[in-house]
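Position one of the sequence shown corresponds to residue 0 (numbering that gives the first Met the number 0), numbered consecutively onward. By construction, the Cβ of each residue, glycine as well, lies at the ideal position given by its N, Cα and C atoms. Data first, discussion second: the structure below is written as structure tokens.
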Amino acid sequence: MPAQLLLNLFIAFLWMTLIDEDELKFTTFFAGFLVGIGIIFFMHRFFGTQFYLRRLFKTIKLLFIFISELTQSSIVVLGQILSPKLKIKPGIFKYETVLKSDVEVTMLSLLLTLTPGSVVMEVSPEGDTLYIHAMDVEQSKAGLIKQLKNFEKAIMEVTR
């Protein structure tokens, strides 16, 4: 991926020099960058990796999934906090993940910890099991598992 980006920047600068304008313009650089994207898109199979903008789009998708889950869990936690009587039952449950690498498991743990109402307390030494503390285990466990599945799918799209 970094090689494709560097090649794209090189094509953009080469485009700027070949256009031969009196001054450097951003529009000329941007046009060269777009030409480079087209060239690299048609030639990316020779690099042996996927097209680098595809990973960027998957990363943006992961960001939007995180923002959506953050908003939903914030509303649920806010509703629980503002209720006249606290009817929550905090607890810990075990979740076995399908993610393999340390980076993927760390990313999943951080994304889940950043959403309100849940904290990853421990990761097993093998890295395949998470121990999660939830603010209300009885009502939010199903939602948390759905949230974890969404994060896992998006993380695998970004990292693999």
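Buried or exposed for residue i, going by 16 or more other Cβ atoms inside 10 Å?
i    : result
T70  : exposed
E22  : exposed
M120 : exposed
L81  : exposed
F153 : Note that residue 153 is Ala in the sequence shown here, rather than Phe. Its Cβ being crowded by 16 or more others within 10 Å, A153 is buried.
E95  : exposed
I39  : buried
For a test of the three-state rule: what should DSSP assign to residue i, helix, strand or coil?
i    : result
K145 : helix
E95  : strand
I131 : strand
E121 : strand
G90  : strand
S162 : Examination of residue 162 is not possible in this model, given that the chain is present from 0 through 159 alone.
Within 8 Å of any Cβ in chain C, is that where the Cβ of residue i sits?
i   : result
T16 : The structure shown contains no chain C, having only a single protein chain.
Take residue i and list the residues in its own chain whose beta-carbon comes closer than 7 Å to its own, dropping the five residues that flank it on each side.
i    : result
G116 : S72, V75, V76, A133, M134, S139
E151 : T96, V97, L98, L107
What's the C-alpha gap between residue i and residue j?
i    : j   : result
I91  : L55 : 35 Å
L62  : R53 : 14 Å
V136 : I66 : 22 Å
F25  : L6  : 18 Å
Leaving out the 5 sequence neighbours to the left and right, which residues in its chain are closer than 6 Å to residue i when beta-carbon positions are compared?
i   : result
F28 : A11, M15
Would you mind giving the Cβ-Cβ distance between residue i and residue j, rounded to the nearest angstrom? I have them listed as a contact below 8 Å.
i    : j    : result
L143 : I131 : 7 Å
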